[in-house]
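Shown next, in structure tokens, is the structure this report addresses.
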Amino acid sequence: APEFVTGENEDLIEWEVVSFDTPRVMRVKNVLSPAECQEMIKTAEKDLKRNTVGQGKDIKTSTFRTSWGMFMVREEQQKLFANRKLRNVAQVMAGLGDPDWAEMTQILRYEPG
């Protein structure tokens with residue numbers, strides 16, 4: 011049965027456990043509105059960098075890895091309402107005492123391929 015948690019602005023967020031296997035999989039609905047998602051995308055776009063493969067001195071871009079990524083680390087990114095809302099919901103669902111205990115929000119964009 012679906013359960014509910016509240017976000018920063020007291021909206022009800024519906025979630026359900028899809029699989030109890032390890033790792034546990036949960037579906038969370040309506041965390042961010044379409045406008046909040048667009049705000050996150052717009053904020054992240056200028057900092058997206060092509061993801062690479064390899065390690066050490068053998069790091070390169072690849073034709074099979076099509077993602078671009080960034081972490082919301084700048085102050086204005088961390089203070090973005092949509093980012094705070096997302097982190098607060100994650101905090102409640104993960105049972106963290108403080109949303110700052112989690113890693114920074116990561117944004118990924120995938121190209122076809």
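In terms of the numbering used here, the sequence shown opens at residue 11 and continues consecutively. For each residue, glycine too, the CB sits at the ideal point set by N, CA and C.
With a 10 Å radius around its C-beta and 16 neighbouring C-beta atoms as the bar for buried, classify residue i as buried or exposed.
{"i": "P33", "result": "exposed"}
{"i": "P12", "result": "Per-residue confidence for P12 stands at a pLDDT of 48, beneath the threshold of 50, marking its modelled position as unreliable; no derived number is given."}
{"i": "P109", "result": "buried"}
{"i": "A104", "result": "exposed"}
{"i": "N93", "result": "buried"}
Straight-line CA distance for residue i to residue j?
{"i": "G17", "j": "W111", "result": "The pLDDT assigned to G17 is 46, lower than 50, so where the model puts this residue is not dependable; a value taken from the coordinates is nonetheless given after this. Going from the Cα of G17 to the Cα of W111 covers about 17 Å."}
{"i": "V28", "j": "V38", "result": "10 Å"}
{"i": "N124", "j": "I23", "result": "Past the edges of the chain, shown from 11 to 123, lies residue 124, and the structure says nothing about it."}
{"i": "E55", "j": "F30", "result": "35 Å"}
{"i": "G79", "j": "E113", "result": "15 Å"}
{"i": "N19", "j": "V83", "result": "Residue placement at N19 is poorly supported in this model, since its pLDDT is 46, which falls under 50; the coordinates are not used for a value here."}
{"i": "E121", "j": "T76", "result": "5 Å"}
According to DSSP, what are the bridge partners of residue i?
{"i": "S43", "result": "Bridge partners of S43: none, in fact."}
{"i": "K70", "result": "V63"}
Let me check understanding here. Comparing Cα to Cα, which of the options lies closest to residue i?
{"i": "L42", "options": "D31, R97 and Y120", "result": "R97"}
{"i": "F81", "options": "D31, N40, M36 and R119", "result": "R119"}
{"i": "M50", "options": "D108, Q101, K95 and A104", "result": "K95"}
{"i": "L90", "options": "G64, T115, N40 and L58", "result": "T115"}
Can you round the beta-carbon distance between residue i and residue j to whole angstroms, since I take them to be within the 8 Å contact cut?
{"i": "M36", "j": "E26", "result": "7 Å"}
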